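Just add 215 to wherever you are in the sequence shown, counting from 1, and you've got the working numbering.
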Amino acid sequence: MSKNKYLFPLIVMASLFFMFGFITTMNNSMIDFLKDAFNLNDVEKQLPNSFFYGAYALSIPVGFLINRIGYKYGVLSGLALVAVGFFLCIPMVALGYIPFLGAVAVFAIGVVILQVAANPYVNALGSPETAASRLTLTNALNSVATVIAPIFVSMLIVNDSNDPKAVQSPFGIIGVITVVILVIMFFLKLPEIKDDENGATGAKKVYKDSAFKYTHVWLGSLAIFFYMGIEIGIPSFFADYTERLGFEFTSQNRIDLLKYYWGGLMVGRLVGIFVLQKFTARQILTLCAVGGAVLVAASLAIGASASTIALWLFLGTGLFHSIMWPTIYNLALEDLGPLAKVASGVIATSVIGAAILMPVMGTIQTATGSVVAAISCLFIYYLYLIFFSTKGSKIR
216 MSKNKYLFPL
226 IVMASLFFMF
236 GFITTMNNSM
246 IDFLKDAFNL
256 NDVEKQLPNS
266 FFYGAYALSI
276 PVGFLINRIG
286 YKYGVLSGLA
296 LVAVGFFLCI
306 PMVALGYIPF
316 LGAVAVFAIG
326 VVILQVAANP
336 YVNALGSPET
346 AASRLTLTNA
356 LNSVATVIAP
366 IFVSMLIVND
376 SNDPKAVQSP
386 FGIIGVITVV
396 ILVIMFFLKL
406 PEIKDDENGA
416 TGAKKVYKDS
426 AFKYTHVWLG
436 SLAIFFYMGI
446 EIGIPSFFAD
456 YTERLGFEFT
466 SQNRIDLLKY
476 YWGGLMVGRL
486 VGIFVLQKFT
496 ARQILTLCAV
506 GGAVLVAASL
516 AIGASASTIA
526 LWLFLGTGLF
536 HSIMWPTIYN
546 LALEDLGPLA
556 KVASGVIATS
566 VIGAAILMPV
576 MGTIQTATGS
586 VVAAISCLFI
596 YYLYLIFFST
606 KGSKIR
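See below:
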């Protein structure tokens, strides 16, 4: 298949990255609003993350499903569940917090299917040497969505009355838009990637009989697990951290400030498209993990004496977090050929890291009475990513 024939499916996949980037960030941006609307404690307010990211536990069976039905029907199934989930939220939010979270879980499963289908498809649309750059390109559009989503939440959902029913109209709009995309996608023709197209040369490559036998897949999966704690940990504990720094922000103020964090991810991914053509994914992942850890450490160190600088250092971590996902994903899928679809399911399962690590960090915060103790968990996550980039990704 020529490079020109790859362009259209790449654009289609990029639009899907925008969609699940928007939904993921919107879900995270609503934490403060839901806490006030339903009178939640520090652990309960993290449950939207648990319900949303917990759906990624289904990623392995989803990987087998996509291997059977193909990328296009996988995408259509995902879009259908996203639409149903958002429409279900409209009546469920009026019934209470748990029913609402049940509806969130439905559209979360749809996002899981989209994620598992889209990542290996983009990875396979061209040369393996530029796969990380392509994933970064599609993730850049994902980042555009992460900047828009907090603004969407701030303008259309957050209100002075803290009425949870405020989500009904905006969620209905998203559901309708998803149905429109579903109909368009149904009539589009997406080329299937043949197994032998994954090789860079004409030589026949020999693969193991199962993706589960590749150590770097499992280590990469664990890297995604910890990465989710890093990416979601910053915005999830931002509100409490700003209070510790002495700022008296409203929920809307904090949501507005978080756009700079997500904006850092967007800028970093745009730059990463070109950087990853000159440096290896391993080099960039190592640099990003070290850089993120340094910024968090500096923010915690000067928080008491220079709160404004500490605030911006904390938000600035988004720049280093920006291309962690595509580099980890690319390294974990390396040399897998026809096993990439199932391996993608294995790797995507670890997105449940956000569902597990956020409540754990919230529990640590509650037990110690210190948000700094919770945020300090990030250093463990950064250390593992450094291990994966320098050693774990090389194990075959």
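All C-beta atoms, glycine included, are put in the ideal place defined by N, C-alpha and C. No experiment lies behind these values; they were computed from the predicted model shown.
Helix, strand or coil, according to DSSP, for residue i in the structure here?
i, result
"THR465", "coil"
"CYS503", "helix"
"LYS404", "coil"
"ALA415", "In this predicted model, ALA415 has a pLDDT of only 45, less than 50, meaning its place in the structure is not dependable; the value taken from the coordinates is given anyway. Here ALA415 sits in coil by DSSP."
"ILE538", "coil"
"ILE372", "coil"
"LEU310", "coil"
"TYR429", "coil"
"VAL394", "helix"
"VAL227", "helix"
"LYS423", "coil"
"ALA320", "helix"
"CYS304", "helix"
Would you kindly work out how many angstroms separate the C-alpha atoms of residue i and residue j, rounded to a whole number?
i, j, result
"ARG283", "LEU510", "44 Å"
"LYS250", "GLU259", "8 Å"
"SER436", "ALA555", "13 Å"
"VAL326", "SER520", "42 Å"
"SER514", "SER591", "11 Å"
"TRP527", "VAL561", "35 Å"
"GLY414", "LEU225", "Here GLY414 scores only 47 on pLDDT, less than 50, and its place in the model should not be relied on; the value that follows carries that caveat. Whole-angstrom Cα-Cα distance: 19 Å."
"GLY448", "LEU593", "8 Å"
"GLY289", "LEU296", "11 Å"
"MET307", "ALA320", "12 Å"
"ILE313", "VAL505", "39 Å"
"GLY487", "ALA339", "19 Å"
"ASN264", "MET400", "28 Å"
Quick one, which of the options has its alpha-carbon nearest residue i's?
i, options, result
"ASN256", "ILE601, THR581 and LEU340", "THR581"
"VAL277", "ALA298, ALA229, LEU548 and VAL331", "VAL331"
"GLN492", "ARG469, LEU350, ALA360 and GLY607", "LEU350"
"SER358", "LEU485, LEU303, LEU273 and ASN243", "LEU485"
"THR353", "PHE602, VAL227, PHE494 and GLY311", "VAL227"
"MET443", "GLY285, ASP247, LYS609 and LEU600", "LEU600"
"ALA355", "VAL368, ASP550, VAL482 and ALA426", "VAL482"
"LEU303", "PHE248, VAL391 and LEU222", "VAL391"
"SER466", "LYS428, PHE402, ILE372 and SER265", "ILE372"
"ALA270", "THR583, LYS606, ILE571 and LEU222", "ILE571"
"ILE328", "ASN338, THR393, ILE524 and LEU291", "LEU291"
"VAL395", "GLY478, ILE324, PRO379 and VAL299", "VAL299"
"ILE366", "PHE232, PHE529, PHE494 and THR240", "THR240"
"GLY293", "VAL398, VAL337 and VAL368", "VAL398"
"ILE389", "VAL368, LEU403 and ASN377", "VAL368"
Excluding sequence positions up to five away, which residues of its chain have a Cβ less than 6 Å from the Cβ of residue i?
i, result
"GLN261", "MET573, PRO574 and GLY577"
"CYS503", "PHE535 and MET539"
"TYR596", "PHE441, GLY444 and ILE445"
"THR542", "ALA347, ALA496, ILE499 and LEU500"
"SER565", "SER436, ILE439 and PHE440"
"LEU530", "TYR475 and TYR476"
Kindly list the residues whose CB is nearer than 7 Å to the CB of residue i, restricted to its own chain and excluding five residues on each side of it in sequence; keep chain order.
i, result
"VAL586", "PHE452, ASP455, TYR456, ARG459 and GLN580"
"GLY461", "SER522"
"LEU480", "SER358, THR361, GLY533, HIS536 and SER537"
Which residues in the same chain have their Cβ closer than 8 Å to the Cβ of residue i, if we skip the five residues on either side of it in sequence?
i, result
"ALA547", "HIS431, VAL432, LEU434, GLY435, SER436, ALA438, ILE439, ALA558, ILE562 and SER608"
So, does the CB of residue i fall closer than 7 Å to a CB anywhere in chain B?
i, result
"LEU528", "In summary, chain B is missing from the structure at hand, where a single protein chain is found."
Item checked: Length at least 4, wholly inside the region 437 to 499: the alpha helix (DSSP H) runs in chain order -> The qualifying runs are 453 to 459 and 466 to 490.
Next item on the list: Kindly provide the ranges of any beta strand (DSSP E) runs that are 3 or more residues long and lie completely inside the region 235 to 277, ordered along the chain.
Entry: none
Next item on the list: Let me know the alpha helix (DSSP H) ranges lying completely inside the region 556 to 588, each 4 residues or longer, listed in chain order.
Entry: 568 to 583
Margin query: Could you tell me which whole alpha helix (DSSP H) segments of length 4 or greater appear in the region 343 to 392?
Written below: 346 to 371
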